[in-house]
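>
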Amino acid sequence: MTARRTYPTPPTRAEIEDWNAARQQARAAGTPGPLLPEDWDLAHADLSGVDLSGLDLTGAYLRKADLRGADLSGAVLIDADMGWADLRGADLRGADLRDAYLCGALRA
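Residue numbers (my numbering): 315 to 422.
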């Protein structure tokens with residue numbers, strides 16, 4: 315019998331808020347805080363208002379993600395797929411967007 319293959323799952327809003335709170339607490343204490351869990355599927359994820367500043371999201375698949383008001387300042391988004399992501403109000407200052415796919419992304 316073959317083992318069942320597990321796939322990344324989209325995080326719930328509660329999981330995102332818990333992760334964001336832990337990250338904020340760690341940053342206030344002067345430590346980098348937790349990385350995004352590898353088993354999270356970020357496509358279509360509700361990341362609105364989440365602090366993703368300074369994270370290395372190289373190659374991240376954020377297609378159609380809700381990033382309204384998210385802090386992406388200083389984030390590394392090289393080769394990230396952000397097609398059709400909602401970036402309205404997102405802080406992208408200093409973010410490295412080299413070769414990022416932004417077709418259809420909303421930005422206002």
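Where a beta carbon is used, it is the ideal one built from N, C-alpha and C, also for glycine.
Measure the alpha-carbon distance for residue 362 versus residue 377 and round it to whole angstroms.
Counted from its first residue, the sequence shown places residue 362 at position 48. Counted from its first residue, the sequence shown places residue 377 at position 63. One C-alpha to the other measures close to 14 angstroms.
> Identify, in the order they occur along the chain, each residue of the same chain with its Cβ nearer than 6 angstroms to the Cβ of residue 388, setting aside the five sequence neighbours on each side.
Along the sequence shown, one-based indexing puts residue 388 at 74. So the qualifying residues of the chain are 367, 368 and 408.
> Just list the alpha helix (DSSP H) runs in the stretch 327-387, keeping only unbroken ones of 4 residues or longer that don't cross its boundaries, in chain order.
DSSP runs (the alpha helix (DSSP H)) wholly in the stretch 327-387: 327-342.
> Here's the rule I'm using: 16 or more other beta-carbon atoms within 10 Å means buried, otherwise exposed. How should residue 400 be labelled?
Translated into positions along the sequence shown, residue 400 becomes position 86. Buried.
> Can you list, in chain order, the residues of its chain with a C-beta nearer than 8 angstroms to that of residue 394? Leave out the 5 residues immediately preceding and following it.
Locating residue 394 in the sequence shown gives position 80, where the first residue counts as 1. 371, 372, 373, 374, 375, 376, 411, 414 and 415, listed in sequence order.
> My output table needs one value for residue 393: the three-state DSSP class, helix, strand or coil.
As a first step, residue 393 must be located in the sequence shown, where it is residue number 79. Residue 393 falls in the coil class under three-state DSSP.
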